[in-house]
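Numbering (full-length UniProt numbering), first residue to last: 1 to 388. Note that CB positions come from ideal geometry on N, CA and C, so glycine has one too. All figures in this text were calculated on a predicted structure; none of them were measured in a lab. Only one structure is covered here, and it is reproduced in the block below.
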C-alpha cells in the first residue's frame, strides 16, 4: 500500500506541490483510526475515513502539534485542555499548521496535566472539527516555498471539544503523536524525490539544448560530471525510499530508517536543486524557470516533521548505547499490552487458556514492529485501545 502511495506522491510532487496536503490528511486518518476509541470512531471516522472523504479531498485534515515556543521541543507545548463535564475546554494556539485554514478536522495535541512528572506525560490528543465555537484561524503565514498549501496559526479560546473526541487515553497523547511521526516522515520523503526528478528533468533538457562555444553545454565534461552526480543521487534516494516503504508494507517499519530516508532525501534534494540552478546559470536564477521554486520547496523538507538535526539525533540514539534502554521501555510496553489484553478477555468471560495463543500472536505482532520506546508504547497502546 505504501509503495503505491509513495509512487503516486512522487509523481504529483514533480509538478504540483500539494503533496504536503495529502501527507497531512493521510497521517490524520492513520492517527485517528488507530488511537480513537469506539465512540469516537463511530461518531466521526465513519464520515472522515470509512467513506474515504479525506482521501478524495472532499474533506481536508491537519495535524496541530507545534506552537510558537514549541517546535522541535514539541512536548513543551502550552495549549491547555481542561476537563469540564463531558467536554474539554481548550485555550491556547498552534503555529506552522499545514492545511490549517482549509482543514475540516484537526488532530490537536494539548496539555491536560500541567503537574505531570515529565512534560510528555501530560499531553492528550483530540479530534477537533471545523466550526466549533472558540476555534478559529488567525494569520496565514507567508512562506518561502510550498505556496500551494496554506499554513497558518490556529487559535483556541474556550473551545469546547466533546470528551469522546479524545484520541487514546487522557495524558497518553504522546503515544499517538510518536506513533504517527514515523509514518509522516516516511510519506514525506516521496516529496523530495519528486523534486529531484523535476530538477533533473529541467537541468538535463537545458543542457541538451543550450549552446555555448558552439556546442551544447551538456557535451562539456564538467557539466556531464554534475549531471552524473544528480542522476546517481536521485537513484540512491529513490531506492532507499521504496526499500523502507516496502519494509513497512511487510511489517518491518523502524524509526531509524523512517527518519533516515527523509533526512537523506531532503538534504540531497536541496543539493540537486542547487546543481540544477548552476547548470541553468543566469536562467536558473529567474522565475521564468522552475529551478528556483524547486529549491524553495525542497528546503522545507529539512525542517518540517522534525529538522535534520532532530532526525540525526533520533538515528544516533537508536544506534548508540541507549538502545538497551529503548529495549527496556519496549518490554514495559509489551507488559502493559498483556495486562490490558487479559483484562479485556476477563470482561468478555472468555477462556483465557484457549486464547493464550492469540494473545501471544498479538504480542509478537506488536514486538516485531517496535524498535524504539515510542514505537513500542504507541503500537501497544493503539492495540489496547482497539480492545477496550
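Which residues DSSP lists as bridging residue i, in chain order
i           : result
residue 140 : 152
residue 212 : 215
residue 83  : 88
residue 67  : 70
residue 111 : 80, 123
residue 97  : 152
residue 135 : 156
residue 106 : 62, 128
Collapsed DSSP secondary structure at residue i in the structure displayed
i           : result
residue 158 : strand
residue 170 : coil
residue 91  : strand
residue 58  : coil
residue 228 : helix
residue 177 : helix
residue 124 : strand
residue 301 : coil
residue 130 : coil
residue 78  : coil
residue 253 : coil
residue 11  : helix
residue 4   : helix
residue 307 : coil
residue 220 : coil
Same chain, Cβ closer than 8 Å to residue i, five either side skipped, listed in chain order
i           : result
residue 389 : Residue 389 is absent from the model: the chain starts at 1 and stops at 388.
residue 278 : 226, 284
residue 207 : 216, 217, 218, 223, 227, 279
residue 93  : 67, 68, 79, 138, 153, 154, 155, 156
residue 286 : 292
residue 121 : 113, 171, 174
residue 76  : 69, 70, 119
Proximal residues to residue i (C-beta, below 7 Å), its chain only, five neighbours per side dropped
i           : result
residue 297 : 17, 145, 146, 195
residue 103 : 60, 61, 62, 130
Integer-rounded CB distance, given that residue j should sit under 8 Å from residue i
i           : j           : result
residue 125 : residue 140 : Wrong, their Cβ atoms sit about 25 Å apart, outside the cutoff.
residue 109 : residue 173 : 5 Å
residue 244 : residue 186 : 6 Å
residue 158 : residue 91  : 6 Å
residue 132 : residue 167 : Actually they do not touch by this definition, with Cβ atoms about 16 Å apart.
Proximity below 7 Å, CB of residue i to CB of residue j
i           : j           : result
residue 259 : residue 311 : yes
residue 69  : residue 154 : no
residue 190 : residue 9   : yes
residue 89  : residue 160 : yes
residue 2   : residue 248 : yes
residue 273 : residue 163 : no
residue 423 : residue 305 : The structure shown does not extend to residue 423, since the chain is modelled only from 1 to 388, so the question has no answer here.
residue 149 : residue 98  : yes
residue 261 : residue 231 : no
Residues near residue i by beta carbon distance below 6 Å, same chain, minus five either side
i          : result
residue 71 : none
residue 86 : 163
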